[in-house]
Amino acid sequence: MPPRSDLLLGEIEDVYRHQYRKFLRVARAMLGDRERARDAVQETFARAIRSRSVFRGEGSLEGWVWRMLTNHCLDLLRAPQPAAASNRDVATLPARNDHPLEHAELRAAIAALPEQQRTMVFLRHYADLDYEAIAEVTGVARGTVAATLHAARASLQRTMEGSTA
Amino acid sequence: MTESELTTALDVLVDRCDDEHGDWADVLGRAGLVLEPAAGGALAVLPRSRRRTTQRRIGLVALAAVLLGVALVATGFARDALSLLGRIDVDFRSSEPAPEVVRWGFANLATGEPPGFAPPGFAPRAIASQARTVGTLRVDGQNRTIWVAPTRRGGFCYAVEDSLGSCAPRVSPRALPRIDASHDVSFDFDPRRGTPDAVRILGSEGIVVSDEVERLTVEFADGVSEDLDFVYVSPPIDAGFFAYTVPAERRSGPGRPRLIVGRNRAGEVVARQRLDVPTVTRTLPPRFAPPPGRGSTTRRIRGRTSPLPSAPLQRGEAHGVSIIAGTNGSVLFDLRGITPERRAMLENGLTYACFKVGVRHGVTHAYRNGVSAELQPTLGWRFDRLGTSLDGCYLAGYYGHRWPGKLDNHHVVEVSFTEAGRRHFEDSAAAFGLALFARSPATFRLRRQPPPLTADELRREFGSRIAALPSRNALPPRGMIGYWADGSDVLLRRVSSSGRRLEIVIGANGGVRSENIRHLTRVE
């Protein structure tokens, strides 16, 4: 029987290979830049490998890595940025002119969401995580996830209706 | 805003990163681990500090293997020794890890990527990190490597180099020994011949699900039998793998293969698999020659044969064209009753194609496969890698496609087997029309010259097919293309008859800034 750390390494590799684009998509949405997102995902998985011995298996391995990624992205957003970089709203700005203007309102509305709501919206819609998984990643109860996403949707709806009125 | 509306809106915003593939070696490097070449070209993960020692160890193993190989060849027993073995037992745990590219292949089985690699929705959850190289099989006279990976559900997936692969569910320990070659028997079918010889068995690949099977034999209809080599892999795979290429003189007639039989150590038959040959019940007429001077740019598939569609069959008909598709991917196109006007649209050459609709990264996607050929009354063709059930097939003509396009941008003949197929035809035609309009020379002024055109200008320039939209989010009437501009962007939108909203946004420089139609049409 291979050592547990080797088994975990294999499982982390499987999460990476199966879910890489989802991780990248969420990181891209949170950080607003594909290059930074790519680096964040690589670093997250490297950290997961380095600290796999502390993974106690109380939740899913994938959820554990998701939590590491969102925390890492939030740390990056909170860290002081070079002058050329943008503010925290960079999370929802397009990297280049790759989106139509008609979605600027939605983008701005997402940027205006509280941090937890925004993260949950990204996890729900860009990573297809269900409420249970989001609860595991964010460390809150399932009901809190449902309420937070409901509040986020209501907020987005108000903003969008206001902009089209 | 409902969840689905939010999903739709967010889908447009997201950078889907579909062109990204990750770099596992980089992750390992950041984590202080390195990928080292192991014996057989595979890769092993090692801590950096163990690098030098292990390089030496691998070198010794490789050298030993080379020396052993040289010794076997020198004594003339290399291949013969293997053949005598019949069953070759392989320990899964101690087998070499599969190469990186194969691991990605197993991982991608869940996502259906690259297109055609696996049928849409096929998600066996193979554990890619545990994929192993377990041996070789002789296929078409060549040694091909076998790779296997366990699945999270307790089964396994396997792939044969340059050939097929498959997945199998977990087998109960109480299950009877089984040989499964039913989906991997390859046939050759000549639709111009109605005799039994029209169908030939070319070979078979399959699995043996029982540790009890010690000997595998192919039995021919004339009583002759031949032992097969097979590779048996220990748990968690716990299955054997074989491949057999039927000799040319035994592919049909009284000497054709009839059974594959598995025997236990005592020589008792414990499993058997019939190699059934489909029966041809009628003779199809010979192909006719194309009109002189026509179709010079297309391939003529003279004399090509294809397997008979296997049951259950999917059937459909449109404009006098009948299409029959089998679960083995073989499709028969019968154009003998095609209506004259549709036939005229195909006489410069055509594409015979089929597709399967699936979901890729949350977006509906049609996996297509087609063959270009000249018009002929019947054509049988095997569309590999589209899965076992198709959503539709079509004939596309080479008559030049310009906006507004013939047949409202539908293909010359479209046969949908499912509702998903019908919707795809509608969406695809609407998307194609929109793309043709967007790239039409007639739209150059529209694309490059803001300020926006007025409704009168639109009507004068493009007739009644284009409608000015009152707002950016407004929808055009069915069948019409909506136009909206704000001085920098031009938005073109069309709603398919399936209800799907299709659009292109053109920036001030005339370039496409965003669109959601590329996956529905090949227009760039």
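Here the protein sequences come in this chain order: A and B. According to our numbering, the first sequence is numbered sequentially starting from 1. According to our numbering, the second sequence is numbered sequentially starting from 166. Built from N, CA and C at the ideal position, the CB exists for glycine as well. For clarity, every value in this text was computed on a predicted model and none was experimentally measured.
Which one of the options has the shortest CA to CA distance from residue i?
{"i": "S259(B)", "options": "I402(B), G628(B), F548(B), S331(B)", "result": "I402(B)"}
{"i": "I631(B)", "options": "A620(B), A639(B), N638(B)", "result": "A620(B)"}
{"i": "L8(A)", "options": "R50(A), D33(A), R158(A)", "result": "R50(A)"}
{"i": "G491(B)", "options": "L656(B), A561(B), D556(B), R335(B)", "result": "D556(B)"}
{"i": "A296(B)", "options": "G427(B), P262(B), L544(B), F498(B)", "result": "P262(B)"}
{"i": "W64(A)", "options": "A135(A), F122(A), Q157(A), A112(A)", "result": "A135(A)"}
{"i": "W189(B)", "options": "R181(B), D256(B), A272(B)", "result": "A272(B)"}
{"i": "D654(B)", "options": "L178(B), S662(B), P641(B), E680(B)", "result": "E680(B)"}
{"i": "T138(A)", "options": "R28(A), E35(A), L69(A)", "result": "L69(A)"}
{"i": "E668(B)", "options": "L599(B), D305(B), A585(B), R439(B)", "result": "L599(B)"}
{"i": "L193(B)", "options": "T44(A), R36(A), E35(A), R56(A)", "result": "T44(A)"}
{"i": "V540(B)", "options": "A408(B), Y648(B), V486(B), G306(B)", "result": "According to the sequence displayed, residue 540(B) carries Leu and not Val. If we check each option's Cα against that of L540(B), V486(B) comes out closest."}
{"i": "R252(B)", "options": "S331(B), F407(B), A650(B), C558(B)", "result": "F407(B)"}
{"i": "Y323(B)", "options": "D305(B), G306(B), P289(B), T410(B)", "result": "P289(B)"}
{"i": "A154(A)", "options": "A109(A), R67(A), T144(A)", "result": "A109(A)"}
{"i": "L623(B)", "options": "N638(B), A650(B), R637(B), F597(B)", "result": "A650(B)"}
{"i": "D191(B)", "options": "R47(A), Q157(A), A146(A)", "result": "R47(A)"}
{"i": "L178(B)", "options": "T148(A), A111(A), V145(A), L149(A)", "result": "A111(A)"}
{"i": "E512(B)", "options": "A538(B), G502(B), V266(B)", "result": "A538(B)"}
{"i": "A596(B)", "options": "G187(B), G644(B), R507(B)", "result": "G644(B)"}
Just mark residue i as buried or exposed, buried being the case when its beta carbon has 16 or more other beta carbons within 10 Å.
{"i": "N308(B)", "result": "exposed"}
{"i": "S53(A)", "result": "exposed"}
{"i": "A230(B)", "result": "Note that A230(B) scores 30 on pLDDT, short of 50, meaning its location in the model is unreliable; the coordinates nonetheless yield the value given after this. Per the 10 Å Cβ criterion, exposed."}
{"i": "P315(B)", "result": "buried"}
{"i": "K571(B)", "result": "exposed"}
{"i": "P412(B)", "result": "exposed"}
{"i": "G418(B)", "result": "exposed"}
{"i": "L106(A)", "result": "buried"}
{"i": "T310(B)", "result": "buried"}
{"i": "S495(B)", "result": "buried"}
{"i": "E579(B)", "result": "buried"}
{"i": "D14(A)", "result": "buried"}
{"i": "P642(B)", "result": "exposed"}
{"i": "S390(B)", "result": "exposed"}
{"i": "D592(B)", "result": "buried"}
{"i": "A196(B)", "result": "buried"}
{"i": "R36(A)", "result": "buried"}
Only counting the same chain, and skipping five residues up and downstream in sequence, which positions put a Cβ closer than 6 Å to that of residue i?
{"i": "R666(B)", "result": "V660"}
{"i": "G319(B)", "result": "R335"}
{"i": "E587(B)", "result": "Reading off the sequence shown, one finds Arg at residue 587(B), where the question assumed Glu. Answer for R587(B): S581, listed in chain order."}
{"i": "I489(B)", "result": "P474, L478, R480, L497"}
Can you name the residues of chain B whose CB is closer than 7 Å to the CB of residue i?
{"i": "A46(A)", "result": "V192, R195, A196"}
{"i": "R28(A)", "result": "D180, C182"}
Starting from residue i, find everything on chain A with Cβ-Cβ shorter than 9 Å and list it in chain order.
{"i": "L667(B)", "result": "The contacting residues do not exist; L667(B) stays about 13 Å from chain A at best."}
{"i": "W312(B)", "result": "Correct list: empty, because the minimum Cβ distance to chain A is about 15 Å."}
{"i": "E261(B)", "result": "Under the 9 Å cutoff, chain A gives no residues; its nearest Cβ is about 15 Å from E261(B)."}
Beta-carbon within less than 7 Å of residue i's beta-carbon, same chain only, minus the 5 sequence neighbours each way: which residues are those?
{"i": "A133(A)", "result": "G63"}
{"i": "V426(B)", "result": "T382, E384, V434, R437"}
{"i": "A594(B)", "result": "D573, N574, H575"}
{"i": "A152(A)", "result": "L113, Q117, M120, V121"}
Going along chain B in order, which residues have a C-beta closer than 8 Å to the C-beta of residue i?
{"i": "G10(A)", "result": "I292, S294, Q295"}
{"i": "Y126(A)", "result": "L175, V179"}
{"i": "R25(A)", "result": "V179, D180, R181, C182"}
{"i": "R118(A)", "result": "The contacting residues do not exist; R118(A) stays about 11 Å from chain B at best."}
Give the interface partners of residue i over in chain A, defined as CB-CB distance under 8 Å, in chain order.
{"i": "A272(B)", "result": "D14, R17, H18"}
{"i": "D188(B)", "result": "Q42"}
Cβ closer than 9 Å: which chain B residues qualify as neighbours of residue i?
{"i": "I49(A)", "result": "V192, L193, R195, A196, G197, L198"}
{"i": "R34(A)", "result": "D180, C182, E185"}
Less than 8 Å between the CB atoms is what I'm expecting for residue i and residue j, so what's the real figure, rounded?
{"i": "D394(B)", "j": "R303(B)", "result": "7 Å"}
{"i": "R604(B)", "j": "L634(B)", "result": "Not a contact, Cβ separation roughly 20 Å."}
{"i": "F257(B)", "j": "V378(B)", "result": "The pair is not a contact, with the Cβ atoms about 17 Å apart (cut-off 8 Å)."}
{"i": "D677(B)", "j": "L656(B)", "result": "The displayed chain sequence assigns Val, not Asp, to residue 677(B). Rounded, the Cβ-Cβ distance is 11 Å, inconsistent with contact."}
{"i": "M30(A)", "j": "L61(A)", "result": "Contact flag wrong, Cβ pair sits at about 21 Å."}
{"i": "A386(B)", "j": "R423(B)", "result": "5 Å"}
{"i": "R17(A)", "j": "R268(B)", "result": "7 Å"}
{"i": "G300(B)", "j": "V255(B)", "result": "6 Å"}
{"i": "A404(B)", "j": "A291(B)", "result": "That belief does not hold up - the Cβ atoms of A404(B) and A291(B) are roughly 14 Å apart, past 8 Å."}
In chain order, what residues of the same chain have a beta carbon less than 8 Å from the beta carbon of residue i, not counting five sequence neighbours either side?
{"i": "A112(B)", "result": "Because chain B in this structure spans residues 166 to 689, residue 112(B) falls outside the shown range and cannot be described."}
{"i": "V41(A)", "result": "Y20, F23, L24, A27, L69"}
{"i": "I12(A)", "result": "F45, A48, I49, R52, L61, V65"}
Going along chain A, which residues have a C-beta under 7 Å from residue i?
{"i": "R318(B)", "result": "Ordered by position in chain A, no residue passes the 7 Å Cβ test against R318(B), which lies about 14 Å from the chain."}
{"i": "W269(B)", "result": "R17"}
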